[in-house]
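2 protein chains.
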Amino acid sequence: MADVIVNEQELMRFGTQCLMSAGSCEEHASKHIAVLIEADRRGHYSHGFNRLRGHYVADIRSKICSPNSIPSIEKETVSTAVVNGNNSLGAVVGHFAMDLAISKAKETGVGWVTVRGSNHFGIAGHYAKKALDEGMIGLAFTNGSPYVAPTRSATQLLSTLPIALAVPANNGDHMLLDMATSSAAVGKMELAKALGKPIPQGWALNKSGKPTTDPVEALPSGGGTGLPLGGEEETSGYKGYGLGLMVEIFCGILSGSDWGPHIRKWKIQNQIANLGQCFIALDPSVFTPGFQDRSQSLLDTCRGLVPLDPNLAVIIPGDRGRAREQKAEEEGGIRYKIEQYKNMLLLAEELNLEPPKPIHQ
Amino acid sequence: MADVIVNEQELMRFGTQCLMSAGSCEEHASKHIAVLIEADRRGHYSHGFNRLRGHYVADIRSKICSPNSIPSIEKETVSTAVVNGNNSLGAVVGHFAMDLAISKAKETGVGWVTVRGSNHFGIAGHYAKKALDEGMIGLAFTNGSPYVAPTRSATQLLSTLPIALAVPANNGDHMLLDMATSSAAVGKMELAKALGKPIPQGWALNKSGKPTTDPVEALPSGGGTGLPLGGEEETSGYKGYGLGLMVEIFCGILSGSDWGPHIRKWKIQNQIANLGQCFIALDPSVFTPGFQDRSQSLLDTCRGLVPLDPNLAVIIPGDRGRAREQKAEEEGGIRYKIEQYKNMLLLAEELNLEPPKPIHQ
């Protein structure tokens with residue numbers, strides 16, 4: 604069946620109503636939905652409306668999350684802070700903490716903010732990218748539900764522990780890296796399962812600790828464990844494991860939130876998430892003058908390389924998402940697979956809301 | 604033939620004399636040699652005395668490097684600085700910049716120092732680890748000679764761009780991650796070549812852009828290119844490429860040093876290195892109290908996992924190096940392959956120095 608295209612105003616209307624009908628105020632709901640729309644617009648469907656029903660709406664309806672709480676600063680120096688998210692929506696906490704990091708970077712060149720008491724904040728890149736508006740470098744990290752096995756084990760211990768980095772260049776050009784430190788984000792496997800597709804070798808082990816390409820047995824619900832970036836030990840998976848530990852230290856250990864196996868399991872929402880997150884802003888203007896020109900030169904140099912396959916141009920992190928954003932703009936909305944759209948219809952029915960209207964094609 | 608064991612006093616005597624006979628003052632020479640000894644002690648032979656002859660001695664003798672220069676601070680805020688290494692020895696620059704980052708972290712919780720005008724500084728972990736003495740988290744990064752190909756290309760564009768992270772726990776326990784963001788450090792391939800061994804699939808492409816297991820054609824000198832962590836695009840190599848760009852941005856782009864393809868080629872020492880480096884110190888005590896206990900708990904949890912193979916315990920980054928340090932202590936010195944020891948004898952002859960004396964076994 605054909606894809607369905609929905610324009611962003613309609614997605615914002617529907618998504619905000621979903622969170623509000625569950626119990627969120629409008630301001631917080633729309634802030635959170637903007638992150639999900641950005642994920643879908645950039646093609647990261649695993650982190651967009653795909654999560655609306657089972658994750659965010661469920662957490663608000665069951666009062667596990669406190670969507671209307673306001674985050675607070677618990678401790679700070681001129682360059683650092685600990686923020687308590689007070690169990691508010693992830694996007695509310697993320698914006699609060701990243702804004703704080705940016706304001707500190709304006710004073711001292713660097714702002715390093717760690718957060719506890721947060722919830723799933725969508726794509727980490729959304730927050731890193733905020734720094735670009737100030738000509739700054741932004742970093743964002745989060746922990747989450749245990750799924751990834753440390754090298755040499757098959758225990759669901761760590762989450763996929765993503766790193767996001769936004770770096771400004773000239774005239775709005777930029778690099779935007781947003782990657783799980785595992786081989787693949789859980790959402791990508793959920794999407795493969797929903798679409799009935801196998802996953803590549805090297806993403807996960809099954810519950811017996813053997814490599815698998817079946818998303819059903821690879822997923823947390825099937826007892827599977829994710830592999831760290833690099834895969835197994837022989838192919839340098841211990842490096843991805845080490846990077847994951849770095850992110851957990853910046854998020855859970857520095858902030859005192861839950862961490863690793865102490866975080867609630869995937870899809871088991873009977874306890875508050877109490878996630879840890881970390882946000883860094885760095886002002887290049889306090890370092891050597893001419894940063895953006897050099898940054899542009901690096902990006903241009905990479906993009907200008909001769910590709911191995913003439914049909915696959917060399918790109919830099921974020922280029923693919925930007926191309927999809929442009930396509931969405933051209934098409935007047937975001938393109939969804941029919942299965943994804945049907946989930947929205949189901950949610951509309953459940954919450955007794957007007958379903959998101961597709962645009963005429 | 605049997606291995607050769609040399610005690611550390613003897614290595615220090617010999618190494619320092621080598622650099623001094625080339626033109627370094629004693630203070631700088633011994634500071635630099637201490638880094639090489641630590642690399643060998645921890646089993647990172649690719650970054651130790653293996654590089655003494657062709658790299659450090661050659662650079663000093665040819666006056667490409669200025670071993671007796673003192674680094675200077677070019678610009679600073681309470682939390683950041685730009686350091687000019689003034690082309691001094693890498694270890695001299697690294698200690699200067701990391702000490703500065705630590706002193707800033709004592710004031711504001713975080714110190715972020717970027718460096719230009721530096722030289723190869725040995726293992727990045729040596730500098731990250733300095734933060735542990737102050738109960739702090741340390742990070743160190745460096746750029747270097749171009750070798751790694753961005754995903755979809757086979758161009759020697761970026762260096763192996765390592766990340767080092769040291770994290771304190773209780774009673775001296777700690778995590779020490781020290782990893783190239785490429786699949787493998789160049790030194791590991793040089794060592795494979797020296798030992799006549801093949802390299803694993805996924806480390807490198809040959810000059811035709813095809814995967815290779817032959818270290819000769821994988822090495823920069825053979826026209827090969829390193830693959831980023833993750834390997835090719837299908838196995839998430841674009842993530843390693845993204846992490847490499849992050850390190851290059853922290854080192855070369857932020858500092859204004861040479862970067863990427865503008866850095867001199869491997870083993871071609873006809874221009875100054877002008878490397879970029881980056882050092883970060885973060886004081887956990889400005890965040891949520893109890894950091895070291897939580898950090899210890901994370902490390903203990905990982906080490907306590909049931910291993911897939913009962914003979915391969917789950918470890919954390921740095922444990923392997925620590926075990927080797929312990930073995931060196933038990934054996935009374937550092938164990939070298941005969942080929943490595945012979946290179947030291949050759950160097951002693953060239954520089955007319957007393958060769959390093961092995962210990963009786």
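Protein chains in written order, with this note's numbering: chain A, 604 to 964; chain B, 604 to 964. Each residue gets a CB set at the ideal place from its N, CA and C atoms; glycine is no exception. All figures in this text were calculated on a predicted structure; none of them were measured in a lab.
Simplified DSSP state of residue i, which is helix, strand or coil
{"i": "Lys709 (chain B)", "result": "helix"}
{"i": "Lys678 (chain B)", "result": "strand"}
{"i": "Ser811 (chain B)", "result": "coil"}
{"i": "Leu885 (chain B)", "result": "strand"}
{"i": "Met979 (chain A)", "result": "Residue 979 (chain A) lies beyond the range of chain A shown here (604 to 964); nothing can be said about it."}
{"i": "Pro753 (chain A)", "result": "coil"}
{"i": "Val770 (chain A)", "result": "strand"}
{"i": "Gln872 (chain A)", "result": "coil"}
{"i": "Arg602 (chain B)", "result": "Residue 602 (chain B) cannot be examined here, being either before or after the span of chain B that is shown, 604 to 964."}
{"i": "Leu878 (chain B)", "result": "strand"}
{"i": "Asp912 (chain A)", "result": "coil"}
{"i": "Gly840 (chain B)", "result": "helix"}
{"i": "Ala684 (chain B)", "result": "strand"}
{"i": "Gly775 (chain A)", "result": "helix"}
{"i": "Asp781 (chain B)", "result": "strand"}
{"i": "Gly829 (chain A)", "result": "strand"}
Contact test: residue i Cβ vs the ligand MG heavy atom, cutoff 7 Å
{"i": "Lys800 (chain B)", "result": "The model depicted lacks the ligand MG and carries no ligand whatsoever."}
Boundaries of the alpha helix (DSSP H) in which residue i is found, first to last residue
{"i": "Phe617 (chain A)", "result": "Glu611 to Ala625"}
{"i": "Pro818 (chain B)", "result": "Pro818 to Ala821"}
{"i": "Met792 (chain B)", "result": "Val789 to Leu798"}
{"i": "Asp643 (chain B)", "result": "Glu629 to Arg644"}
{"i": "Asp903 (chain B)", "result": "Phe894 to Arg906"}
{"i": "Asp662 (chain A)", "result": "Ala661 to Arg664"}
Beta strand (DSSP E) segment containing residue i, residue limits
{"i": "Phe853 (chain B)", "result": "Here Phe853 (chain B) belongs to no beta strand (DSSP E), and DSSP marks it neither H nor E."}
{"i": "Tyr944 (chain B)", "result": "It is not in any beta strand (DSSP E) - Tyr944 (chain B) instead sits in the alpha helix (DSSP H) that spans Ile941 to Leu954."}
{"i": "Phe744 (chain B)", "result": "Ile740 to Thr745"}
{"i": "Ala731 (chain A)", "result": "Note, Ala731 (chain A): premise wrong, no beta strand (DSSP E); alpha helix (DSSP H) at Gly728 to Ala731."}
Closest residue to residue i among the options (Cα-Cα distance)
{"i": "Glu952 (chain B)", "options": "B:Ser624, B:Gly834 and B:Ile608", "result": "B:Ser624"}
{"i": "Leu857 (chain B)", "options": "A:Gly827, A:Ser900 and A:Phe699", "result": "A:Ser900"}
{"i": "Asp817 (chain A)", "options": "A:Gly834, A:Gly714, A:Pro831 and A:Ala797", "result": "A:Ala797"}
{"i": "Asn914 (chain B)", "options": "A:Ser756, A:Asp861 and A:Tyr944", "result": "A:Ser756"}
{"i": "Asn722 (chain B)", "options": "B:Asp861, B:Met739 and B:Ala876", "result": "B:Ala876"}
{"i": "Gly651 (chain B)", "options": "B:Ile636, B:Gly688, B:Ala661 and B:Arg906", "result": "B:Ile636"}
{"i": "Thr754 (chain B)", "options": "B:Thr815, B:Gly840, B:Ile962 and B:Leu956", "result": "B:Gly840"}
{"i": "His729 (chain B)", "options": "B:Ala708, B:Gly693 and B:Ser762", "result": "B:Gly693"}
{"i": "Pro771 (chain B)", "options": "B:Gly805, B:Glu793, B:Ala731 and B:Gln804", "result": "B:Ala731"}
{"i": "Asp903 (chain B)", "options": "B:Leu911, B:Ile918, B:Phe894 and B:Gly893", "result": "B:Ile918"}
{"i": "Ala821 (chain A)", "options": "A:Cys854, A:Asp606 and A:Ala787", "result": "A:Ala787"}
{"i": "Pro959 (chain A)", "options": "A:Val607, A:Leu614, A:Asp736 and A:Asp606", "result": "A:Leu614"}
{"i": "Ser669 (chain B)", "options": "B:Tyr844, B:Gly688 and B:Leu949", "result": "B:Gly688"}
{"i": "Ser672 (chain B)", "options": "B:Gly720, B:Glu942 and B:Leu908", "result": "B:Gly720"}
{"i": "Asn773 (chain A)", "options": "A:Ile866, A:Ser811, A:Gln895 and A:Lys813", "result": "A:Gln895"}
Check whether residue i and residue j have beta carbons under 8 Å apart
{"i": "Gln880 (chain B)", "j": "Phe724 (chain B)", "result": "yes"}
{"i": "Asn746 (chain A)", "j": "Leu760 (chain A)", "result": "no"}
{"i": "Val889 (chain B)", "j": "Thr680 (chain A)", "result": "yes"}
{"i": "Arg644 (chain B)", "j": "Ala884 (chain B)", "result": "no"}
{"i": "Val718 (chain A)", "j": "Val696 (chain A)", "result": "yes"}
{"i": "Thr711 (chain A)", "j": "Ser682 (chain B)", "result": "yes"}
{"i": "Pro749 (chain A)", "j": "Pro887 (chain A)", "result": "no"}
{"i": "Val716 (chain A)", "j": "Leu703 (chain A)", "result": "yes"}
{"i": "Ser785 (chain A)", "j": "Pro831 (chain A)", "result": "yes"}
{"i": "Pro961 (chain B)", "j": "Val609 (chain B)", "result": "yes"}
{"i": "Met849 (chain B)", "j": "Leu780 (chain A)", "result": "yes"}
{"i": "Ala743 (chain A)", "j": "Ala767 (chain A)", "result": "yes"}
{"i": "Gly626 (chain B)", "j": "Ile667 (chain B)", "result": "no"}
{"i": "Glu641 (chain B)", "j": "Ile726 (chain B)", "result": "yes"}
{"i": "Gly843 (chain B)", "j": "Gly855 (chain B)", "result": "no"}
Under 8 Å (Cβ pairs) to chain A, residues found in the region 793-812 of chain B
Pro803, Gly805 and Gly812
Tell me which residues of the region 659-692 of chain B have at least one Cβ-Cβ distance to chain A shorter than 9 Å, keeping chain order.
Glu677, Lys678, Glu679, Thr680, Val681, Ser682, Thr683, Ala684 and Val685
Taking Cβ-Cβ distances below 8 Å as the criterion, which residues of the region 611-637 of chain A are in contact with chain B?
none
If the cut-off is 8 Å on Cβ atoms, which residues from the region 911-930 of chain B count as contacting chain A, listed in chain order?
Leu911, Asp912, Leu915, Ala916, Val917, Ile918, Ile919 and Pro920
Listed from N- to C-terminal order along the chain, which residues in the region 891-904 of chain A have their beta-carbon within a distance smaller than 9 Å of any beta-carbon of chain B?
Thr891, Pro892, Gly893, Phe894, Arg897, Ser898, Ser900, Leu901, Leu902 and Thr904
Tell me which residues of the region 713-727 of chain B have at least one Cβ-Cβ distance to chain A shorter than 8 Å, keeping chain order.
Val713, Trp715, Thr717 and Arg719
Give me the subset of the region 825-855 of chain B whose CB atoms are less than 9 Å from a CB atom of chain A, sorted by chain position.
Leu832, Gly833, Gly834, Glu836, Glu837, Thr838, Ser839, Tyr841, Lys842, Gly843, Tyr844, Gly845, Leu846, Leu848, Met849, Glu851, Ile852, Phe853 and Gly855
Would you list, in chain order, the members of the region 753-764 of chain A that have their beta-carbon closer than 9 Å to a beta-carbon of chain B?
Pro753, Thr754, Arg755, Ser756, Ala757, Thr758, Leu760 and Leu761
Using a beta-carbon distance cut-off of less than 8 Å, what residues from the region 697-712 of chain A approach chain B?
Thr711 and Gly712
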